[in-house]
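One structure is given below, encoded as C-alpha cells.
In the working numbering, the protein residues as written are 1 to 49.
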C-alpha cells in the first residue's frame, strides 16, 4: 500500500484485508513508526528508510 497521509486508523483494516506493507510511511503526516511496530509487531511490515 502507498499512502502519504496518516494511516493509524487504516492499519487494522489493511491487516484484516491481507495488506501488510505500507511504503512509504509518511512521518510528516504524524505517523509514529515506533508505535506501529510496538502495536502490530510483525503483522505490519515497516521499511526503515
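A virtual CB, placed ideally from N, CA and C, is assigned to each residue, including glycine.
Which same chain residues end up closer than 8 Å to residue i when comparing Cβ atoms and leaving out the 5 residues on each side of it in sequence?
i	result
residue 20	14, 43, 44, 45
Should residue i be labelled buried (16 or more other beta-carbon atoms within 10 Å of its own) or exposed?
i	result
residue 31	buried
Whose C-alpha, out of the options, is nearest the C-alpha of residue i?
i	options	result
residue 38	26, 23, 3, 8	8
residue 28	1, 6, 11	6
Express the C-alpha separation of residue j and residue i in angstroms, rounding to a whole number.
i	j	result
residue 4	residue 26	6 Å
residue 34	residue 17	22 Å
Can you name, in chain order, every residue of its own chain whose Cβ lies under 7 Å from the Cβ of residue i, other than the five neighbours on each side?
i	result
residue 1	14, 19, 21, 22
residue 11	36, 40, 44
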